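Heads up: the structure comes next, in structure tokens.
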Amino acid sequence: MRILLTLLVFVLQACDRSAYSTAMPNRIAEEKSAEQKPAVSVGIDRQVLFGDLHVHTMYSFDAFIFGTTASPDMAYEFAKGSVIDHPGGFEMKLREPLDFYGVTDHASYMGSLRAMKDPSTNISGHELAKGMQDLSTTEKRLTQFGKILDFVRTERRNELLDKAVFQDAWDRIKAAAERHNDPGNFTTFIAYEYTAFSGVLENLHRNVIFAGEGPSLPFSIIDSSNPEDLWRWMDEQRSQGIEALAIPHNSNVSNGKMFNLIDFAGNPLDAAYADLRMRNEPLIEISQVKGTSETHPALSPNDEWADFEIINTRLASNLLSDPKGSYAREALRNGLEFETKKAFNPFKFGFVSASDTHNASYAGDEDNYWSKLGLIDDEPVERGSVPLPETGENGSPYANTNYHSWGASGLAAVWADENTRESIYSALRRKETFGTSGPKIKV
Numbered sequence: 001m002r003i004l005l006t007l008l009v010f011v012l013q014a015c016d017r018s019a020y021s022t023a024m025p026n027r028i029a030e031e032k033s034a035e036q037k038p039a040v041s042v043g044i045d046r047q048v049l050f051g052d053l054h055v056h057t058m059y060s061f062d063a064f065i066f067g068t069t070a071s072p073d074m075a076y077e078f079a080k081g082s083v084i085d086h087p088g089g090f091e092m093k094l095r096e097p098l099d100f101y102g103v104t105d106h107a108s109y110m111g112s113l114r115a116m117k118d119p120s121t122n123i124s125g126h127e128l129a130k131g132m133q134d135l136s137t138t139e140k141r142l143t144q145f146g147k148i149l150d151f152v153r154t155e156r157r158n159e160l161l162d163k164a165v166f167q168d169a170w171d172r173i174k175a176a177a178e179r180h181n182d183p184g185n186f187t188t189f190i191a192y193e194y195t196a197f198s199g200v201l202e203n204l205h206r207n208v209i210f211a212g213e214g215p216s217l218p219f220s221i222i223d224s225s226n227p228e229d230l231w232r233w234m235d236e237q238r239s240q241g242i243e244a245l246a247i248p249h250n251s252n253v254s255n256g257k258m259f260n261l262i263d264f265a266g267n268p269l270d271a272a273y274a275d276l277r278m279r280n281e282p283l284i285e286i287s288q289v290k291g292t293s294e295t296h297p298a299l300s301p302n303d304e305w306a307d308f309e310i311i312n313t314r315l316a317s318n319l320l321s322d323p324k325g326s327y328a329r330e331a332l333r334n335g336l337e338f339e340t341k342k343a344f345n346p347f348k349f350g351f352v353s354a355s356d357t358h359n360a361s362y363a364g365d366e367d368n369y370w371s372k373l374g375l376i377d378d379e380p381v382e383r384g385s386v387p388l389p390e391t392g393e394n395g396s397p398y399a400n401t402n403y404h405s406w407g408a409s410g411l412a413a414v415w416a417d418e419n420t421r422e423s424i425y426s427a428l429r430r431k432e433t434f435g436t437s438g439p440k441i442k443v
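Below is the structure:
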């Protein structure tokens with residue numbers, strides 16, 4: 001098995017202990033940094049901690065459609081070593097517990113699909129609720145998922161927002177994180193996923209991780225599908241004492257939009273954009289079940305490892321995704337070019353990996369892999385892992401689905417002083433991190 005290992009390169013990523021000061025005027029920040037110790041310090045007592053900061057439970061609309069009924073509490077119990085049930089009926093258990101975990105349910109329609117089955121909720125009267133009453137086959141689940149995506153992609157997206165349901169789900173997610181946070185032993189983070197698209201299914205998703213307490217409600221595509229508006233909202237929250245960072249994922253299926261050389265409105269990138277992005281988005285998720293976002297053979301033709309777990313299509317689609325502007329290595333190179341020519345760098349990222357499980361359970365062990373979509377891909381034959389009982393219509397003996405190109409992955413690793421929110425979050429901010437495709441390798 002080829003193992004993806006992404007190293008933190010201090011020269012490129014310029015670990016910065018004053019990350020929180022980037023919101024200050026330049027003069028104040030310069031005066032402050034002059035009084036501080038050197039930016040890169042040697043933490044001789046730091047330890048590597050491993051975790052997953054991309055986990056979906058029953059409150060995510062897609063996870064619930066696909067059969068997941070596990071709660072955030074169950075997700076955290078699983079990460080600590082307990083057994084939980086897969087929607088397919090079998091038990092899931094880690095080989096060894098993780099050090100930290102973050103439930104990141106979609107802010108878009110958080111809790112809504114589950115609430116559609118409850119006649120006491122307002123949203124149970126929506127036209128889509130009828131389809132939620134019968135999800136007895138894979139085809140019916142996928143049909144319902146497609147209908148939800150149609151709302152996500154159009155101006156009708158507000159119709160699925162039930163504010164009471166949204167508030168209740170978010171409050172429960174935050175409460176679960178607080179219940180399971182055990183400083184020194186196991187760390188949880190209040191978090192969620194901002195699920196935005198550009199154009200036709202061009203992935204711009206981010207996970208938002210809070211250092212401590214979370215906001216009253218998350219910022220979602222109901223508010224704006226422009227990631228720059230998310231960053232501005234994060235600045236506003238920070239001014240109120242709520243610190244957070246965003247981690248984009250699956251740039252590999254963004255059709256060139258994640259690391260575009262123009263902003264969301266089509267304007268050339270400038271120093272203000274770079275400051276806004278780097279202040280709020282110091283890391284990227286470089287590997288997960290849905291492929292690796294480091295590089296692509298078209299971008300690195302001389303790299304024999306460039307074809308590692310490549311996904312060539314956009315999210316939930318057969319449309320091709322343009323590699324250019326979609327991969328981290330090219331983005332780092334472009335960032336250095338910006339820095340040389342224009343004295344700013346919008347792509348000075350660190351790296352982590354994650355699973356993006358929709359089963360509440362980390363899925364990074366190659367020999368204990370249950371994929372991520374509940375009842376949609378719970379059987380090996382559905383993932384293209386074993387031959388079909390009969391040859392398919394395309395003549396292939398294996399299932400021809402997107403799932404056959406997915407793989408077990410991945411882990412976020414941080415060098416932290418101790419297993420606490422403050423210490424792990426500080427490591428994320430310092431970009432003293434790396435990502436693997438699953439193995440707990442210390443770098």
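Numbering (UniProt numbering), first residue to last: 1 to 443.
The C-beta atom is built at its ideal place from N, Cα and C for all residues, glycine as well.
This structure is a prediction, so every number in the text was calculated from the model and none was measured.
The three-state reading of DSSP puts I123 in helix, counting H, G and I together. In this structure, DSSP gives E309 a state outside helix and strand, which the three-state scheme calls coil. Residue state for G335 is assigned as helix, using DSSP reduced to three classes. For N419, there is no enclosing beta strand (DSSP E), since its DSSP letter is neither H nor E. Between the beta-carbon of L411 and that of F50 there is about 5 Å, and that keeps the pair under the 8 Å contact cut. Boundaries of the alpha helix (DSSP H) around A164: 163 to 180.
G67 and H358 have their alpha carbons spaced roughly 9 Å apart.
Minimum Cα-Cα distance from A70 among the listed residues L245, R114, K163, T143 corresponds to R114. The C-beta distance from V208 to E285 rounds to 12 Å, too long to meet the 8 Å contact threshold. When rounded, the separation of the alpha-carbon atoms in A298 and A175 is 45 Å.
Shown here, N203 sits in a strand according to DSSP, grouped into three states. Taking a C-beta distance under 8 Å as the contact criterion, Y194 and A316 do not qualify as a contact pair.
With distances taken between CA atoms, A177 lies nearest to M74 out of S124, M74, I221.
Counting along the chain, L49 sits inside the beta strand (DSSP E) bounded by residues 47 to 55. With contacts defined by Cβ atoms closer than 8 Å, V55 and A246 do not form a contacting pair. Between F151 and L142 a beta carbon distance of about 15 Å is seen, past the 8 Å cut, so the two are scored as non-contacting.
Within the model, the alpha-carbon separation for G256 versus T154 is close to 21 Å. Leaving aside the five residues that flank L217 on each side, the residues in its chain whose CB is nearer than 7 Å to its CB run, in chain order, F166, Q167, W170. Taking K147 as the centre and dropping the five residues before and after it, the same chain places the C-beta of L128, G131 closer than 8 Å to its C-beta, in chain order. Of all alpha-carbon atoms in R232, L230, I190, I376, the one lying nearest the alpha-carbon of G212 is that of I190. Nearest C-alpha to P227 among S239, W415, S198: S198. Nearest Cα to Y59 within the set Y109, T138, D85: Y109. The shortest C-alpha to C-alpha distance from S136 to any of I173, D162, P87 is the one to P87. Rounded to whole angstroms, the Cβ separation of Y425 and L98 is 16 Å, and the two are not in contact under 8 Å. With the rule of 3 Cβ pairs closer than 8 Å, the region 303 to 311 does not count as touching the region 336 to 345. With a cutoff of 8 Å on beta-carbon distance, K431 and L204 are scored as not near each other. Here the C-alpha atom of K93 lies approximately 38 Å from the C-alpha atom of G125. Within the same chain, L8, L283, G350, F351, V352, A412, A413, V414, W415, A427 come within 8 Å of T433 by CB-CB distance, once the 5 residues on both sides are set aside. The beta carbons of L149 and T104 sit no closer together than 8 Å. By the beta-carbon neighbour count (other beta carbons within 10 angstroms, threshold 16), L373 is buried. In the three-state scheme derived from DSSP, where H, G and I count as helix and E and B as strand, L411 is classed as strand.
Assigned with DSSP and collapsed to three states, I262 falls in strand.
The closest CA to that of A244, considering only S300, I123, R429, is found on R429. If you compare the alpha carbons of S423, P323, L269 with that of D45, the shortest gap goes to S423. Listed in chain order, the non-local C-beta contacts of G184 below 8 Å within the same chain comprise E418, N419, T420, local neighbours out to five positions each way being set aside. Residue ranges of uninterrupted alpha helix (DSSP H) with 4 or more members, entirely inside the region 79 to 115 and ordered along the chain, are 112 to 115.
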